[in-house]
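For reference, the structure is listed below as structure tokens.
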Amino acid sequence: MNSSEMDTILKDCVLSEFHEPPVSYSYETGQFKRNIIAIWILNHGEFSYTDSTPRSIWGFYNTKTKCFHAPINSKTVGKEVRLEDTTPYSAMSINHNALQQLLYA
1087 MNSSEMDTIL
1097 KDCVLSEFHE
1107 PPVSYSYETG
1117 QFKRNIIAIW
1127 ILNHGEFSYT
1137 DSTPRSIWGF
1147 YNTKTKCFHA
1157 PINSKTVGKE
1167 VRLEDTTPYS
1177 AMSINHNALQ
1187 QLLYA
């Protein structure tokens, strides 16, 4: 993740903390639209079918509204999410049924 872009996210973010990347992962950002930053998670594992580092979209950050968004796919911004409802691996929220909510609350 570009340090200046990450600093912008952290300064604008209400929580002032972004996830620490999991072991053998890192984050990378890129401009998606004028006011949207795409946040990618890179897997630095030992095995890959390609020469490049595998990456997946983590989510999006809107610099105008200062909100994180879950991805629908790498080219489509989804619903707004709270950072504390996300995981280090993805901004997509986990939907639990009633029993799971009781178990994991």
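Remember, the working numbering sits 1086 above the position in the sequence shown when you count from 1. Backbone N, C-alpha and C fix where the C-beta goes; we use that ideal spot for every residue, glycine too.
Count the other CB atoms within 10 Å of the CB of residue i; is the residue buried (16 or more) or exposed (fewer)?
{"i": "ALA1177", "result": "buried"}
{"i": "VAL1100", "result": "Only weak support exists for where VAL1100 lies, its pLDDT of 40 falling under 50; the coordinates are left without a value."}
{"i": "ALA1156", "result": "buried"}
{"i": "GLN1147", "result": "It is worth fixing the name first, because residue 1147 is Tyr in this sequence and not Gln. Classification of TYR1147: buried, given that the 10 Å Cβ count is 16 or more."}
{"i": "ILE1158", "result": "exposed"}
{"i": "ASN1181", "result": "exposed"}
{"i": "GLY1116", "result": "exposed"}
{"i": "THR1192", "result": "Outside the shown range of the chain, which is 1087 to 1191, sits residue 1192, and nothing can be said about it."}
{"i": "THR1069", "result": "The chain is shown only over 1087 to 1191; residue 1069 falls outside these bounds and no answer can be derived."}
Start and end of the beta strand (DSSP E) containing residue i?
{"i": "THR1139", "result": "Where THR1139 is concerned, there is no enclosing beta strand (DSSP E), given that its DSSP letter is neither H nor E."}
{"i": "LYS1084", "result": "Residue 1084 cannot be examined here, being either before or after the span of the chain that is shown, 1087 to 1191."}
{"i": "ASN1129", "result": "1122-1129"}
Sort out for me which residues DSSP pairs residue i with in a bridge.
{"i": "VAL1167", "result": "PHE1154"}
{"i": "ASN1181", "result": "Answer by DSSP bridge pairing: none, since ASN1181 is not bridged."}
{"i": "PHE1146", "result": "ALA1124, HIS1155"}
{"i": "THR1162", "result": "ASN1159"}
Hey, residue i and residue j are a contact pair by Cβ (cut 8 Å); roughly how many whole angstroms apart?
{"i": "TYR1111", "j": "ILE1125", "result": "Actually they do not touch by this definition, with Cβ atoms about 12 Å apart."}
{"i": "ILE1122", "j": "VAL1163", "result": "6 Å"}
{"i": "CYS1153", "j": "GLU1132", "result": "In fact, because the Cβ distance is near 36 Å, the residues do not count as touching under 8 Å."}
Considering only the beta carbon of each residue, do residue i and residue j sit closer than 7 Å?
{"i": "PRO1174", "j": "HIS1130", "result": "no"}
{"i": "ILE1127", "j": "SER1142", "result": "yes"}
{"i": "ASP1171", "j": "SER1179", "result": "yes"}
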